[in-house]
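K.L.:
Let me give you the structure first, and then I'll get to my questions.
In the working numbering, the protein residues as written are 73 to 248.
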């Protein structure tokens, strides 16, 4: 087991803790754990690349940990009434669509290797920044003002753009 994989597993372990903090409205703890998870995500990637510790397991674990954290936080924030449900439905639907497309491709004996598109990377960045904005504003009692609506809009637009890009890619792959 490599050090980057252990760090990624640690990030997975943080997910239920962040959720628990949000549910109990312990916003500072939730924000701190979210920041730690973000730092661990950067750290495991740097260690894997710089010191040749990349592994097949890490290639699977890292995106699972990332999605587990983001999706869990978005669902929980909606459950406690901090972000709108429609945004969570959009974020979760995109991820379900991608996973379903990959599984269907395997089932139909047309395996698909998914690589992130630029719009997908921008989408992930917007999702993380918006979650940090929401958690940070709750943690420190700061009104984010129009940044909240702009962040929400950015997440929605980029999520839809990412969905469209992956769907088009998948449809071309399946038609080939």
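Built from N, CA and C at the ideal position, the CB exists for glycine as well. These numbers come from a predicted model, not from an experiment.
Residue 130 and residue 188 - do their beta-carbons sit closer together than 7 Å?
P.N.:
No. Outside cutoff.
K.L.:
Residue 198: buried (16+ other C-beta within 10 angstroms of its C-beta) or exposed?
P.N.:
By the 10 Å Cβ count, residue 198 comes out buried.
K.L.:
Would you mind giving the Cβ-Cβ distance between residue 203 and residue 142, rounded to the nearest angstrom? I have them listed as a contact below 8 Å.
P.N.:
Their Cβ separation, rounded to whole angstroms, is 7 Å, which keeps residue 203 and residue 142 in contact under 8 Å.
K.L.:
Sort 196, 167 and 91 by Cα distance to residue 224 and report the nearest one.
P.N.:
Per the Cα distances, 196.
K.L.:
Just reading off the alpha helix (DSSP H) that residue 201 is part of, what are its end residues?
P.N.:
Run containing residue 201: 190 to 212, per the alpha helix (DSSP H) assignment.
K.L.:
Could you check what DSSP says for residue 248 in three-state terms: helix, strand or coil?
P.N.:
Coil at residue 248, not helix or strand.
K.L.:
Are the segment 132 to 146 and the segment 239 to 247 touching by the rule of at least three beta carbon pairs closer than 8 Å?
P.N.:
No contact exists between the segment 132 to 146 and the segment 239 to 247.
K.L.:
Just reading off the alpha helix (DSSP H) that residue 139 is part of, what are its end residues?
P.N.:
From DSSP, the alpha helix (DSSP H) with residue 139 extends over 128 to 151.
K.L.:
Tell me whether residue 77 sits in a helix, a strand or coil according to DSSP, three-state version.
P.N.:
Reduced to three states, the DSSP call for residue 77 is helix.
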